[in-house]
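Here is the structure we will look at.
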Amino acid sequence: MVVNPASAPVCLKYKAYKRMVGYAIRYANNHLEQKKWKEVYGILVGSVEKETKVIVKDAIPMIVGDRAGVKYENKTYVDMAQIDAAVYERSIQDKKNDFIIGWWHTHPGFAFFFSDVDKITHLGYQNPNPFGVALIFDHCEKNQESLGVAALRLKKPERGIFSTHQIVKLDYDLDVKTINQKIEKAIGKIQKNMGKIIKELKYIQDVLIEKGFNLLQKDYGLSLILKKDLTFLDENELETEDINNSYTWDSESFKKSYQIPKFREKIEIEIKNYQEILKNLLKAQESAKFNANKSKFKKKLKNMLKKPNELYNKITNEFIKKIDIISPYFDYLDTDERKIIEKYEENMEKYHSILTKLNKKAELNLKA
Numbered sequence: 114m115v116v117n118p119a120s121a122p123v124c125l126k127y128k129a130y131k132r133m134v135g136y137a138i139r140y141a142n143n144h145l146e147q148k149k150w151k152e153v154y155g156i157l158v159g160s161v162e163k164e165t166k167v168i169v170k171d172a173i174p175m176i177v178g179d180r181a182g183v184k185y186e187n188k189t190y191v192d193m194a195q196i197d198a199a200v201y202e203r204s205i206q207d208k209k210n211d212f213i214i215g216w217w218h219t220h221p222g223f224a225f226f227f228s229d230v231d232k233i234t235h236l237g238y239q240n241p242n243p244f245g246v247a248l249i250f251d252h253c254e255k256n257q258e259s260l261g262v263a264a265l266r267l268k269k270p271e272r273g274i275f276s277t278h279q280i281v282k283l284d285y286d287l288d289v290k291t292i293n294q295k296i297e298k299a300i301g302k303i304q305k306n307m308g309k310i311i312k313e314l315k316y317i318q319d320v321l322i323e324k325g326f327n328l329l330q331k332d333y334g335l336s337l338i339l340k341k342d343l344t345f346l347d348e349n350e351l352e353t354e355d356i357n358n359s360y361t362w363d364s365e366s367f368k369k370s371y372q373i374p375k376f377r378e379k380i381e382i383e384i385k386n387y388q389e390i391l392k393n394l395l396k397a398q399e400s401a402k403f404n405a406n407k408s409k410f411k412k413k414l415k416n417m418l419k420k421p422n423e424l425y426n427k428i429t430n431e432f433i434k435k436i437d438i439i440s441p442y443f444d445y446l447d448t449d450e451r452k453i454i455e456k457y458e459e460n461m462e463k464y465h466s467i468l469t470k471l472n473k474k475a476e477l478n479l480k481a
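First residue of the sequence shown: 114, per the numbering used here; consecutive thereafter.
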């Protein structure tokens, strides 16, 4: 059976509906003054089944706007590209055909239609993929018989914003009564706990990143930073950002391209000097002196690394506690909120990688 993609039916999985509604009700609900309602936007992940039907499996929150609409920022596009890549990789791994199948947004109190801006946005999904779909959620339309959501496409996307929109058939993987019962419980938990989640995210940003990590980098800096005024960089240097983990330390060479933290330079030079002394003792076959010096040098290096290890562990333990609280509500965080966690993890993973290698080098395990 040949189906016109513009009118192909859509099946919305409960997981996707729950995530969409869970984010939407943070910014527009019956307990919030109407003048404070805000629209939100997200992307849909799913698949096209047998060229006849769209299955929406996830609805990822992206950004909150104002009462009239949503404006994209550069970091939102970056986040979307990362999500696209992650969905593609997961699809290959799980042998599925999932991809970004469309987008969703809210119309609190406005019901279901496409504005001209909505049409422009939707063209970005339906032009490359004729099955591309938009879901609109309006909590004011939600009741015992309706889930407050509609699926829309442009009838003739080739006409651009002059095309009219149409509401297409929308089914669910569960019956409406069951979904309503489940979603009301979920909404209750989200509304009860989201304030605390936002406070935990603020703690990660203000205390663990701005104070904790910045203190770690200031007093015990390890990461080499590319000089801002550098106008040319050799291709090999570009490809080897792993220079931060280099076992062959060369301060003078690195200084041409990188800003080197004082702590990193100091401990790398100490390790290099100690290694040279121990190599010479090995070469001279002076075992007693070798063992005595190795023990002394190891103690010095471990003392140097003690504080950064302790501070890193302290910050990490705090982060784990916060993530344990946040994780049950991670699905209802948007790009800005997810980026806080991502920023922390990127910074600390890089720091930990270098610190681990320095701890290993501080063992001064030279081959006899």
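Cβ atoms here follow ideal geometry from the backbone N, Cα and C, with glycine treated the same way.
Partner residues in the beta bridge of A247, as assigned by DSSP, are W216, L265.
Burial state of H144 is exposed, judged by a 10 Å Cβ sphere holding fewer than 16 other Cβ atoms.
Between A121 and V167, the C-beta gap is smaller than 8 Å, which places the two residues in contact.
In this structure, the beta-carbon distance from L414 to F403 does not fall below 8 Å. Distance between G135 and K412, taken at the CA atoms: about 53 Å. Listed in chain order, the non-local C-beta contacts of F244 below 6 Å within the same chain comprise P118, A121, V161, V167, local neighbours out to five positions each way being set aside. By a beta-carbon distance limit of 8 Å, V169 does not contact G155. Their separation comes to about 11 Å. In the DSSP annotation of this structure, Y457 is not part of any beta strand (DSSP E); the continuous alpha helix (DSSP H) holding it starts and ends at 448–474.
Here A401 is exposed. Its C-beta has fewer than 16 other C-beta atoms within 10 Å. In the DSSP annotation of this structure, K126 is not part of any beta strand (DSSP E), being labelled neither H nor E. In this structure I274 is not in contact with I249, their Cβ atoms being roughly 17 Å apart against a cut-off of 8 Å. At a Cβ-Cβ threshold of 8 Å, F376 and D319 do not count as neighbours.
Relative to N422, the option among D171, Q330, Q257 whose CA is nearest is Q330.
Looking at I311, W150, P374, the one whose alpha-carbon comes closest to that of S440 is I311.
Here A405 is exposed: its Cβ has fewer than 16 other Cβ atoms, across all protein chains shown, within 10 Å. The segment 255–271 makes no contact with the segment 170–179: fewer than 3 CB pairs, one atom from each, lie closer than 8 Å. Put simply, of A247, W217, Q257, Y130 the residue whose alpha carbon is nearest the alpha carbon of K268 is A247. Exclusion of the five residues before and after L424 leaves L329 as the residues of its chain whose Cβ lies within less than 6 Å of its Cβ. By the neighbour-count criterion, in which a residue is buried when 16 or more other Cβ atoms sit within 10 angstroms of its Cβ, A137 is buried. In this model, G222 and I280 are separated by some 18 Å (Cα to Cα). With fewer than 16 neighbouring CB atoms inside 10 Å of its own CB, S364 falls in the exposed class.
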